[in-house]
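Quick notes on the structure that follows.
Numbering (the numbering used here), first residue to last: 290 to 419.
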């Protein structure tokens, strides 16, 4: 892994702007799906859910069996308030074996749609998965 990509990952939650800069530096040297996914996450964490969905979508199309890419698309769709679209992606993530946070994101989407029973079920699965 590129040193820039490692640093971008480490800084993602505390400094998404710096993480974005580092991911873009890696992408300037050639396409890298990990860097593109980090760029997506960094944009999402800065509130740019549209760009996040587009960047993650590129990775998800190129790597349809990568649960992490599908999950990042789902998170961006949740951020865009496209909860049904997010739930469709989360179903794909589950079929691919899941990722940490899957059930919390599903609970958030169900809650936003007003389906409290399914939200509660998803949140309980999230708690049980730890």
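From the three backbone atoms N, C-alpha and C, an ideal C-beta is built for every residue, glycine too.
Would you kindly work out how many angstroms separate the C-alpha atoms of residue 397 and residue 292, rounded to a whole number? Taking the chain shown and counting its residues from 1, one reaches residue 397 at position 108. Taking the chain shown and counting its residues from 1, one reaches residue 292 at position 3. Distance between residue 397 and residue 292, taken at the CA atoms: about 34 Å.
Could you give the DSSP three-state label for residue 335: helix, strand or coil? Reading the chain shown from its first residue, position 46 is the one you call residue 335. Residue 335: coil per DSSP, three-state reduction.
Considering just the uninterrupted stretch of the alpha helix (DSSP H) at residue 410, what are its terminal residues? As a first step, residue 410 must be located in the chain shown, where it is residue number 121. Residue 410 -> alpha helix (DSSP H) spans 405 to 417.
Which of the three DSSP states, helix, strand or coil, is assigned to residue 399? Mapped onto the chain shown, residue 399 falls at position 110. It is helical.
Backbone CA spacing between residue 368 and residue 416 [nearest angstrom]: Here residue 368 is taken as the residue at index 79 of the chain shown, counted from 1. Here residue 416 is taken as the residue at index 127 of the chain shown, counted from 1. Going from the Cα of residue 368 to the Cα of residue 416 covers about 22 Å.
Can you tell which of 324, 300, 389 and 372 has the C-alpha that lies nearest to the C-alpha of residue 403? For the purposes of this step, residue 403 is taken as residue 114 along the chain shown, with counting starting at 1. The shortest Cα separation from residue 403 among 324, 300, 389 and 372 belongs to 372.
Does the distance from the CB of residue 356 to the CB of residue 388 come in under 8 Å? Reading the chain shown from its first residue, position 67 is the one you call residue 356. Reading the chain shown from its first residue, position 99 is the one you call residue 388. With respect to residue 388, residue 356 sits close: the two C-beta atoms are nearer than 8 Å.
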